[in-house]
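As structure tokens, the structure follows; a few thoughts come after it.
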Amino acid sequence: MKKVMLVFGTRPEAIKMCPLVKELRQRKNLSVIVCVTGQHREMLRQVLDIFRVEPDYDLAVMQDRQTLFDVTVNILNKIGQVLEIERPDLVLIHGDTSTTFVTALACFYKQIEIGHVEAGLRTYDIYSPYPEEFNRQAISILAKYHFAPTQLAKNNLLKEGKKEEHIFVTGNTAIDALKTTVRDGYEHPVLAWAQGYRLIVLTAHRRENLGEPLLHMFRAIRRILDEKEDIKVVYPIHKNPAVRSAAAEVFGSHRRIRLIEPMHVADFHNLLANAYLILTDSGGIQEEAPSLGKPVLVMRNTTERPEGIEAGTLKLVGTQEDGIYRNFQLLLDDKHLYEKMSRASNPYGDGNACGRIADIVCVEDKKGC
Ligand code: UD1
Ligand code: UDP
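Encoded structure:
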């Protein structure tokens, strides 16, 4: 029987890998092992609970205010032991986090085959996003199978000389998750609080934005909040204390913004579905918003997800206060622009990515499953 191990460690990886765990567990002749690195703790647990996935291994590496050195070294030591015990035929990893890069490196040291889910995203600027762009490029060197969410991602991999027979366009598993969560008639206390206002959803957490860029973003939003009486902002805030202190400094206790704990993914998807617009530096939200037809101002200088820009739902607005302020104001004031950006489109697939990946994992196994 073929043994497949899935390794992930942060919230977004879990959201996109748990549906795949469930799909693979339905296939016969596959032994499925789940190892979480615990790069995140509470934010990971929330997702595991909601998808009812209980890991076989939890490396529990998270430390408060961890550095890239902490995460890298702690995962590398521990994952090596798990690979030694389990000796999987294939390891599946996701995206671009430190968990993913370090697991790929450990598999390479152990000469274990890697399948990379959400492969081929690129900005080609090694410092943006940081360190994720480096992670992705390095993982693509080490992986054997590349599960690309879109044709564009596949083209990137082809340009880099990866073998065509090992690249599969599957769609993004984020959409698989989204299909199961958004529903009509959804109710939540923050939605009740925002009733009668235009609801703005905010998230921001990127490592390269900690410090000044975060303060710029928050100041721009604060200015708009002070000027526009008809908006309310909900910010489910990342657990990182560096993010929390910056938000507290700028927003204080403004009566039209709620800083709340990270939401369960089903609640968060429904919050997005009820938003007027979204401001974020997140990667995953750039994939989810186009399907929901929600305009997104992406507070970054680059994106590895140009499909959403092409579709018209996303706009890159940088990390400077004035640029964010101007674009936010324009989108609130210009009805025509708002409607243009609100058209739902689906650049990331039909929500059946996990089934496709599982089929490929089985076909590549000579025994089938
Ligand atoms: C990581 C990923 C990033 C991804 C993000 C998703 C890397 C280098 N970065 O960044 O690509 O977009 O996750 O959110 O892999 N913390 C908690 N509890 C939690 C999670 C985090 O307290 O459940 C706090 C800890 O103090 C931790 C800090 O947040 O040290 C930063 O976590 P870390 O995983 O290093 O960085 P992220 O910014 O979350
Ligand atoms: N998300 C969530 N709860 C929240 C905020 C976000 O479940 O309070 C989900 C969101 O729907 C998306 C993912 O978390 O699927 C994005 O994670 P994050 O922004 O932390 O990381 P990134 O995608 O930037 O790597």
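Heads up: the sequence shown runs through residues 1 to 369, numbered per the UniProt record's numbering. Using N, Cα and C, we set each Cβ at its ideal position, and we do this for glycine too.
Taking C-beta atoms as the reference points, Thr99 and Val32 fail to come closer than 9 Å.
In terms of Cβ geometry, Ile231 and Ile224 form a close pair [threshold 9 Å]. Secondary structure remark: continuous beta strand (DSSP E) runs of at least 3 residues inside the segment 37-101, in chain order: 90-94.
Here Leu68 is exposed. Its C-beta has fewer than 16 other C-beta atoms within 10 Å. An exposed status is given to Met1, since fewer than 16 other beta-carbon atoms sit within 10 Å of its beta-carbon.
Taking a contact as a CB-CB distance under 8 Å, the pair Leu279 and Ile200 counts as one, their CB atoms being some 7 Å apart. Ser282 sits in coil when the DSSP states are folded into three classes, being neither helix nor strand. Beta bridge pairing from DSSP links Gly115 with Leu92 and Tyr145.
Here His336 is exposed, its C-beta having fewer than 16 other C-beta atoms within 10 Å.
With a cut-off of 8 Å, the C-beta of His264 is classified as distant from the ligand UD1, since no heavy atom of the ligand falls inside that distance.
Contiguous alpha helix (DSSP H) elements confined to the segment 254-313 occur at 265-273, 284-292 and 306-310, taking only those with 4 or more residues.
For Val363, the uninterrupted alpha helix (DSSP H) segment begins and ends at Ala353 to Glu364. The nearest non-hydrogen atom of the ligand UDP is less than 8 Å from the C-beta of Ser282. In the DSSP assignment, the residues bridged to Cys35 are Val7 and Tyr57. The closest CA to that of Ile75, considering only Cys35, Pro88 and Ile50, is found on Cys35. Taking the C-beta atoms as reference points, Pro88 is found nearer than 9 Å to Lys3. The ligand UD1 never approaches Val82 closely enough for any of its heavy atoms to be under 8 Å from the residue's Cβ.
Per the coordinates, the alpha-carbon of Thr313 lies some 18 Å from the alpha-carbon of Arg198.
Per DSSP, Arg222 is one residue of the alpha helix (DSSP H) stretching across Glu212 to Glu227.
Ile360 and Lys228 have their alpha carbons spaced roughly 51 Å apart. For Thr203, the secondary structure class from DSSP, reduced to helix, strand or coil, is strand.
In this structure, the beta-carbon distance from Ala60 to Arg41 falls below 9 Å.
The ligand UD1 has a heavy atom closer than 8 Å to the beta-carbon of Asp64.
The three-state secondary structure of Leu121, taken from DSSP, is coil. About 22 Å separates the Cβ atoms of Ile50 and Ala192, ruling out a contact at the 8 Å cut-off. A direct Cα-Cα distance of roughly 31 Å separates Gly171 from Gly80. By the 16-neighbour rule on beta-carbons within 10 angstroms, Gln286 is buried. In the three-state scheme derived from DSSP, where H, G and I count as helix and E and B as strand, Val243 is classed as helix. Within the same chain, Cβ atoms closer than 7 Å to the Cβ of Ala246 are found at Leu214, Leu215 and Phe218, the five residues on either side in sequence being excluded. Contact between the segment 332-347 and the segment 157-168 is absent: fewer than 3 CB-CB pairs across the two stretches fall below 8 Å. Taking 9 Å as the cut-off, the Cβ atoms of His116 and Ile85 do not count as close.
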